[in-house]
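S.K.: For the sequence shown, the residue numbers in the working numbering are 13 to 245.
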Amino acid sequence: MTVTEIAILRVHTGVTDSTLRDNLSGAITVQDAWHARAFPDRPSSASARAVASFRGIDDETQILLTTSWGSVEEHWAWILSDDNKQQMEGTNLTNIIANEGPPNQPGGLVLFHLDTDIFGSSHAATSKDTIALLHSPVISVEQFSVDTEKKESFAATLEKVRASMEKVVHPHLVRSGRSVDREAEGEEFVLVSGWSCVESHTQQFAASSESFLYSQIAGIASSVETRHYRRFL
Numbered sequence: 013m014t015v016t017e018i019a020i021l022r023v024h025t026g027v028t029d030s031t032l033r034d035n036l037s038g039a040i041t042v043q044d045a046w047h048a049r050a051f052p053d054r055p056s057s058a059s060a061r062a063v064a065s066f067r068g069i070d071d072e073t074q075i076l077l078t079t080s081w082g083s084v085e086e087h088w089a090w091i092l093s094d095d096n097k098q099q100m101e102g103t104n105l106t107n108i109i110a111n112e113g114p115p116n117q118p119g120g121l122v123l124f125h126l127d128t129d130i131f132g133s134s135h136a137a138t139s140k141d142t143i144a145l146l147h148s149p150v151i152s153v154e155q156f157s158v159d160t161e162k163k164e165s166f167a168a169t170l171e172k173v174r175a176s177m178e179k180v181v182h183p184h185l186v187r188s189g190r191s192v193d194r195e196a197e198g199e200e201f202v203l204v205s206g207w208s209c210v211e212s213h214t215q216q217f218a219a220s221s222e223s224f225l226y227s228q229i230a231g232i233a234s235s236v237e238t239r240h241y242r243r244f245l
């Protein structure tokens with residue numbers, strides 16, 4: 013099952029897009045080569061694997077990294093590989109990244125995987141009249157924590173919301189997924205939408221009749237966190 017890696021980390025204040033590109037591009041090249049050796053029968057380029065880096069618009073120290081993987085285990089094989097450890101130790105990434113400690117622990121980066129290919133070829137633009145998420149000027153990433161007993165009603169309502177939002181965001185896209193490696197109680201769902209600008213989401217959509225359904229899923233969820241990002245790599 014293809015999964016989408018979502019890694020949210022922090023960089024030190026003042027780190028520029030150029031510095032991030034220079035350092036992350038090198039890391040991606042190392043990952044491409046490792047993937048080609050580990051899975052020689054599969055496409056291994058960054059574009060084929062929907063590798064992308066986004067920067068927070070509300071908080072520029074926040075970085076979102078995403079990649080499509082064949083499984084969660086496949087991603088962890090990369091994380092634990094000597095190639096990954098060596099390139100982390102031999103680059104300036106450790107000086108740029110502000111997080112310290114293991115993923116999903118205090119001070120560490122946030123890491124989870126969604127149960128579908130959010131950004132990859134299966135969710136690319138379906139026609140010349142639509143804009144793929146990786147090409148949208150802005151994306152919103154909305155995380156919903158849901159009590160286990162409410163997950164089925166939430167999932168059903170979320171699908172209606174996704175279809176409803178597509179009428180507003182067009183020509184951009186809306187995609188959703190569920191975290192497959194959540195350790196805490198309950199479930200976590202994520203809604204990713206493309207926008208021409210932040211105001212298209214916070215004002216245009218919020219004022220539209222389609223926002224009514226959204227208020228229903230927000231009411232079912234125990235917590236909602238919304239962030240806006242722009243792609244820089």
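Idealized CB from N, CA, C, for every residue including glycine. Keep in mind the model is a prediction, meaning the values are calculated, not measured.
Over the uninterrupted beta strand (DSSP E) stretch that includes A167, give me the two end residues.
M.R.: No beta strand (DSSP E) contains A167, which is instead part of the alpha helix (DSSP H) from K163 to V181.
S.K.: Buried or exposed, going by whether 16 or more other CB atoms sit within 10 Å of the CB of E17?
M.R.: That one is buried.
S.K.: With DSSP run on the structure shown, which of helix, strand or coil describes G119?
M.R.: Coil, per DSSP.
S.K.: Starting from the C-beta of S176, find all residues in its chain whose C-beta is less than 6 Å away, skip the five residues before and the five after it, and write them out in chain order.
M.R.: Closer than 6 Å at Cβ, skipping near neighbours: E222 and L225.
S.K.: When the Cα atoms are used, what is the spatial distance from V186 to D94?
M.R.: Approximately 36 Å, taken between the alpha carbons.
S.K.: Let's test the definition: count the other Cβ atoms within 10 Å of the Cβ of F51 and tell me whether it reaches 16, buried, or not, exposed.
M.R.: That one is exposed.
S.K.: Name the two residues that bound the continuous alpha helix (DSSP H) containing F156.
M.R.: Note, F156: premise wrong, no alpha helix (DSSP H); beta strand (DSSP E) at V150 to V158.
S.K.: Is DSSP giving I75 helix, strand or coil here?
M.R.: The answer is strand: DSSP assigns I75 an E or B state.
S.K.: As an exercise, report each continuous beta strand (DSSP E) stretch of at least 3 residues that is fully enclosed by the stretch 36 to 76, in chain order.
M.R.: DSSP runs (the beta strand (DSSP E)) wholly in the stretch 36 to 76: 64 to 68.
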